[in-house]
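Residue numbers for the sequence shown follow our numbering, beginning at 3 and rising by one.
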Amino acid sequence: MPKTSSSPTTFKEAYDILKRNADALEHSQTPDIDNLLDVVEQSIGAYRVCQERISAVEQALKHAFDIYKKDDTASNN
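Given below as structure tokens:
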């Protein structure tokens, strides 16, 4: 599993890293113990990026729905 030169900045990049690392670990006959810590650290970083993006989208959607509800309520009065 090659190490990337930089940390992922988008959800897609981070998700791809997680998927690639999980697939490689799942399909390896003999795990590369010497490389395992690097893979875990890389995966943790990618997971954090995914979580941050998901949280940001959830907050944006909540905000958008709250505005929609206020507008809808105001127009019905």
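Ideal Cβ positions, reconstructed from N, Cα and C, are used throughout, including at glycine.
Query, Result
"N-terminal and C-terminal residue of the alpha helix (DSSP H) that T75 is part of", "I35 to N78"
"Closest residue to A16 among C52, F67 and D68 (Cα-Cα distance)", "C52"
"Inter-residue CB distance, I19 and A48 (contact presumed, cutoff 8 Å)", "4 Å"
"Where T6 sits in the DSSP three-state scheme", "Residue placement at T6 is poorly supported in this model, since its pLDDT is 48, which falls under 50; the coordinates are not used for a value here."
"Assumed close pair S45, N23 - CB separation to whole angstroms, cut-off 8 Å", "5 Å"
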